[in-house]
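Under my numbering, the first residue of the sequence shown carries the number 96, and numbering increases by one thereafter.
The beta-carbon is built from N, C-alpha and C at its ideal position, and this holds for glycine as well.
A quick note: this is a predicted structure, and the numbers were derived from the prediction, not measured.
First the structure, in the form of structure tokens, and then the observations on it.
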Amino acid sequence: MNARSSPASRWNKILTGNSTMSKKPTNIMHSIFKRQGILSQFVANYQPRRAQFEMANLVLESLSSERHALIEAGTGTGKSFGYALPAAYWALKEEKRVIISTNTITLQQQLLEKELPMVKQVISELSEEWAETFNFELAKGRGNYICRRRLQELADDRLAGEQKHGPVISRLAKHVSALEKGDRDEIPFPLPPGLFSLIQGDADDCMGKQSPFHKECFIQNARRKLQNAQIIVVNHALFFTDLLLRKQGASILPHYDAVIMDEAHRVEDQVTNQYTYHISLEEVNKLFLRVTKRRAHWVRELDDNDLLMHVEGIRARLVTRLAEIFAPLAKGLAERPQNEYLLKKPIVRDYSFQPIFADFKNLIRDKRKQVELEKGENETVMGMDRYLSQIEQLEGMLKHILLYENAEEWATWVAFAAEDEKENNMLQDDYTWGSRLHLYSAPIEINSLLRGDLFEDKTVIMTSATLTTQGDFSFVANRLGMDDYGSMQAPSPFNYEEQAVLVVPDNVPAPTEAAFESFLSAAMKEIVEATRGRTFLLFTSYSQMNRIYEDMKSWLERLGLTGLLHGPGVSRDQMLQAFRASGKAVLFGCDSFWEGVDVPGDDLICVVMAKLPFPVPSDPLTRARTERLERKGQNSFTDYTLPFSILRLKQGFGRLIRTKKDRGTVVILDTRIHTKRYGQHVLDSLPPARLSTNLDDIGRFLYRA
Ligand code: SF4
96 MNARSSPASR WNKILTGNST MSKKPTNIMH SIFKRQGILS QFVANYQPRR
146 AQFEMANLVL ESLSSERHAL IEAGTGTGKS FGYALPAAYW ALKEEKRVII
196 STNTITLQQQ LLEKELPMVK QVISELSEEW AETFNFELAK GRGNYICRRR
246 LQELADDRLA GEQKHGPVIS RLAKHVSALE KGDRDEIPFP LPPGLFSLIQ
296 GDADDCMGKQ SPFHKECFIQ NARRKLQNAQ IIVVNHALFF TDLLLRKQGA
346 SILPHYDAVI MDEAHRVEDQ VTNQYTYHIS LEEVNKLFLR VTKRRAHWVR
396 ELDDNDLLMH VEGIRARLVT RLAEIFAPLA KGLAERPQNE YLLKKPIVRD
446 YSFQPIFADF KNLIRDKRKQ VELEKGENET VMGMDRYLSQ IEQLEGMLKH
496 ILLYENAEEW ATWVAFAAED EKENNMLQDD YTWGSRLHLY SAPIEINSLL
546 RGDLFEDKTV IMTSATLTTQ GDFSFVANRL GMDDYGSMQA PSPFNYEEQA
596 VLVVPDNVPA PTEAAFESFL SAAMKEIVEA TRGRTFLLFT SYSQMNRIYE
646 DMKSWLERLG LTGLLHGPGV SRDQMLQAFR ASGKAVLFGC DSFWEGVDVP
696 GDDLICVVMA KLPFPVPSDP LTRARTERLE RKGQNSFTDY TLPFSILRLK
746 QGFGRLIRTK KDRGTVVILD TRIHTKRYGQ HVLDSLPPAR LSTNLDDIGR
796 FLYRA
């Protein structure tokens with residue numbers, strides 16, 4: 096085994112060399128984070144951590160000077176306190192509001208239940224007045240809450256055709272006043288599938304001040320509480336939904352001054368998801384069902400059967416025409432090996448939907464005018480206005496996708512949802528074929544969107560355990576569009592050289608060779624024999640994972656070990672619980688196990704990665720991204736594919752060592768680390784564990800005397 100570098104000296108250099116802002120400690124942060132400082136009164140066995148203190152200084156300086164920051168903080172840095180304490184202090188001192196956005200519920204819970212209550216205690220030590228005023232809140236989307244009016248209407252039997260859950264609705268209606276927050280998690284008994292969607296908050300079906308429940312509305316109460324909070328915790332999805340709404344003059348969150356994005360390595364994906372258009376026959380039908388099924392409040396107020404009949408007529412025209420266009424595309428995709436396909440040209444030559452949408456909008460507009468004349472601008476009129484803007488949105492999306500608009504900036508693709516193979520495709524009509532087609536369009540790069548919508552307006556601090564490749568932030572900064580920023584690479588306090596061994600065997604077939612999969616199976620058996628369980632096997636392909644699992648299943652049983660396969664219907668948390676409880680388990684995981692999984696201590700002693708996690712080249716968005724870079728004269732491999740893979744690999748590696756006491760091995764079964772020029776680049780980006788090429792070193796390291 097080779098020592099690659101002295102971890103202490105390497106990290107020291109990184110810490111001092113890459114912190115691009117002044118490192119002058121602020122007195123207030125020092126009084127909080129120092130040994131026997133304020134924080135030590137509330138944290139058991141408190142040990143000051145230099146990296147945490149430096150991070151807190153940088154966060155405070157960034158907020159005060161309104162300059163963005165990128166902070167890579169390794170596991171064990173204590174980054175939550177590193178940003179939450181300066182954020183709370185700054186918000187109170189300057190009368191500002193800070194959003195903390197996370198990717199996972201686990202981190203949200205940890206912040207709300209552990210770190211932020213302690214932040215409140217620390218803040219209370221700084222000022223009696225602040226002890227009174229400091230508040231933090233969790234913001235959830237409207238759809239997480241019960242709409243009391245919708246529930247009552249359902250209980251009163253006013254929603255035609257939706258009353259099949261009678262007893263449970265009555266039970267909930269009786270119980271609802273006892274709920275404190277009125278969110279879904281608070282309901283003390285299970286609801287039948289689909290019921291919650293009929294009673295959840297819905298902006299398009301809210302009567303606002305005219306609602307009989309306005310004063311007791313759970314959503315209004317939650318929004319009011321946010322107004323009194325200096326720190327608001329959200330997830331990335333809600334944060335970017337709010338950002339999009341702000342462009343349309345609406346919002347979910349109250350005004351804020353700065354945002355701290357933890358788990359920031361997921362921001363590009365989250366932003367892309369929020370900006371992605373999706374059209375299918377089901378989505379189109381949903382818009383009409385709001386009217387024809389009387390799901391919107393304004394429709395029930397109008398009680399106009401004529402209107403319903405006309406809307407149904409327009410729906411039939413639109414859906415029939417769309418099915419004629421979608422069906423041949425779906426049939427074509429059913430013949431292909433891939434069920435997704437990146438478009439290279441418009442789907443239709445002539446856009447012929449304008450008359451249908453004009454009829455639709457005129458129908459609603461005429462009705463709206465009539466109601467406004469009779470009753471003035473009431474909630475019914477406002478509901479119709481919202482409905483009109485939804486029609487316009489659908490029309491815009493449809494035109495954008497069918498005509499392949501803005502193709503330089505947007506990737507547009509079609510996907511086929513395969514169904515039961517036993518179905519006889521020959522007998523299906525256009526509608527059935529068409530309803531299996533999904534059309535998407537997503538921005539190829541989100542940097543210009545974030546520049547304009549976020550970075551020009553707010554101070555943004557992004558942090559994660561994985562933001563750099565070879566100590567450089569430029570990949571992430573370029574992808575996100577953050578042009579001017581302070582940065583810091585705060586090391587993990589772990590001694591990787593002592594705590595971990597990285598094994599990269601040099602006798603591995605290339606992943607493209609036929610022998611690779613049988614090698615993988617044999618190597619994984621050899622590794623598991625050495626570890627005797629407590630091992631993660633991480634894959635980049637579900638089909639490969641399933642094949643290897645099938646090959647190893649009975650072998651594992653003979654060894655008295657439990658194989659846990661991440662399959663459909665099994666949650667990540669259930670898998671982790673079973674893994675911890677077993678003590679002799681081997682977990683087969685894909686995507687979601689490469690990151691965000693925390694198994695500290697001896698429960699996990701080995702992480703095996705089957706391949707370097709390069710993005711799948713046939714994925715439409717990956718293809719559009721690489722093609723765009725090539726068009727701009729860049730090298731898509733060095734500028735996108737490789738750094739993307741390194742960040743993912745760092746996440747995978749990060750599953751192993753979670754505390755100073757953890758020990759274990761990481762194995763990468765990809766020979767390209769030895770044979771390709773970029774291999775050294777990959778190794779240099781990983782934590783400085785000892786390096787070996789010999790699988791025998793796993794047992795030697797784990798079970799040495
Ligand atoms: S105010 Fe809107 S969301 Fe709240 S109970 Fe009334 S209708 Fe429902």
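Measuring from the CB of I803, is there a heavy atom of the ligand SF4 at a distance below 7 Å?
-> Limits of the chain in this structure are 96 at one end and 800 at the other, which puts residue 803 out of reach.
Assumed close pair F137, Q216 - CB separation to whole angstroms, cut-off 8 Å = Rounded to the nearest angstrom, the Cβ distance from F137 to Q216 is 5 Å, consistent with a contact under 8 Å.
Simplified DSSP assignment, three categories, for W505 | In the three-state reduction of the DSSP assignment, W505 falls in the strand class, which pools E and B.
Whole-angstrom distance between L153 and S117, CA atom to CA atom = Because S117 sits at a pLDDT of 43, beneath the cut-off of 50, its placement in the model cannot be relied upon, and the following sentence gives the value as read from the coordinates. Roughly 8 Å separates the two Cα atoms.
For S49, which option in A250, F334, I355, D357 has the closest C-alpha, if you only look at C-alpha atoms?
-> With the chain covering only 96 through 800, there is no way to say anything about residue 49.
Complete runs of the beta strand (DSSP E) confined to the segment 420-466 [at least 3 residues] | Runs of the beta strand (DSSP E) inside the segment 420-466: 435-437.
May I ask which residues mark the beginning and end of the alpha helix (DSSP H) holding T770?
-> Element bounds for T770: 767-770.
Can you give me the Cβ contacts of L180 inside the same chain, cut-off strictly under 7 Å, excluding the 5 residues immediately before and after it?
-> Here the set comprises I127, A151, V214, V217.
Among Q746, A391, V665, E208, which one has its Cα closest to the Cα of S292?
-> Selection Q746, A391, V665, E208 evaluated against S292 yields A391 as nearest (Cα-Cα).
Cα-Cα separation between R253 and R389, rounded to whole angstroms = Note that R253 scores 49 on pLDDT, short of 50, meaning its location in the model is unreliable; the coordinates nonetheless yield the value given after this. Roughly 10 Å separates the two Cα atoms.
Buried or exposed by the 16-neighbour rule on C-beta atoms within 10 Å, applied to V443 | By the neighbour-count criterion, in which 16 or more other beta carbons inside 10 Å mark a residue as buried, V443 falls on the exposed side.
For R243, name the three-state secondary structure that DSSP assigns.
-> DSSP places R243 in helix when its eight states are reduced to three.
If you draw a straight line from the C-alpha of M124 to the C-alpha of L428, how long is it?
-> One C-alpha to the other measures close to 59 Å.
Could you check which residue in D698, R785, V692, L274 has the C-alpha nearest to that of F202?
-> First, the amino acid is wrong: residue 202 is Leu here, not Phe. Ranking the options by Cα distance to L202, first place goes to V692.
Do you know offhand how far T721's Cα is from G471's?
-> Roughly 54 Å between the two C-alpha positions.
DSSP-derived helix/strand/coil call for R531 | Under the three-state reduction of DSSP output, R531 falls in the coil class, being neither helix nor strand.
From the DSSP output, read off the bridge partner residues of L498.
-> For L498, DSSP records no beta bridge to any residue.
Less than 8 Å separating the beta-carbons of L699 and G759?
-> When the beta-carbon positions are compared, L699 and G759 come within less than 8 Å of each other.
If you compare alpha carbons, which of P441, K727, Y351, S157 is closest to A502?
-> The alpha carbon of A502 has as its nearest neighbour, out of P441, K727, Y351, S157, the alpha carbon of P441.
May I ask you to report which of helix, strand or coil DSSP gives H360?
-> If DSSP states are grouped into helix, strand and coil, H360 belongs with the helices.
Considering only C-alpha positions, which residue in the set L267, V762, L158, P349 is nearest to R236?
-> Note that residue 236 is Gly in the sequence shown here, rather than Arg. Nearest of L267, V762, L158, P349 to G236, Cα basis: P349.
Can you say whether E377 is buried or exposed, counting buried as having 16 or more other CB atoms within 10 angstroms of its CB?
-> With fewer than 16 other Cβ atoms within 10 Å, it is exposed.
Ordered along the chain, which non-local residues of its own chain (more than five positions away) have a Cβ less than 8 Å from that of D646?
-> Take D646, set aside five residues on each side of it, and the residues of its chain with a beta-carbon closer than 8 Å to its own are S616, in chain order.
Any non-hydrogen atom of the ligand SF4 closer than 7 Å to M302 Cβ | It does: the Cβ of M302 is within 7 Å (strictly closer) of some heavy atom of the ligand SF4.
Buried versus exposed, by CB contacts within 10 Å (16 or more), M302 = M302 comes out buried.
Where E190 sits in the DSSP three-state scheme | For E190, the three-state secondary structure derived from DSSP is coil.
Cross-strand partners of T367 (DSSP beta bridge) = In the DSSP output, where bridge partners are listed per residue, T367 has none listed.
Nearest to I241 by alpha carbon, out of I294, L274, E189, R767?
-> Checking every option, the nearest Cα to that of I241 belongs to I294.
Report yes if the C-beta of G238 is less than 7 Å from at least one heavy atom of the ligand SF4; otherwise report no.
-> No; taking the cut-off as 7 Å, the Cβ of G238 has no heavy atom of the ligand SF4 nearer than that.
P287 beta carbon less than 8 Å from that of H270 = With a cutoff of 8 Å on beta-carbon distance, H270 and P287 are scored as not near each other.
Looking at L249 and I264, is the spacing between their C-beta atoms short of 8 Å?
-> The beta carbons of I264 and L249 sit closer together than 8 Å.
Sorted by chain position, which residues of the same chain lie with C-beta nearer than 8 Å to L483's C-beta, five sequence neighbours on each side aside?
-> Excluding sequence neighbours, L483 sits near K456, I459, R460, R463.
Whole-angstrom distance between Q365 and K553, CA atom to CA atom | Using only the alpha carbons, I get a separation of about 18 Å.
Could you pull out every unbroken alpha helix (DSSP H) segment of at least 4 residues lying fully inside the segment 633-700, listed in chain order?
-> Listed in chain order, they are 637-653, 667-677.
Mapping DSSP to helix, strand and coil, what is V603?
-> Coil.
Quick one, are the C-beta atoms of L534 and V509 less than 8 Å apart?
-> A contact, by the Cβ cut-off of 8 Å.
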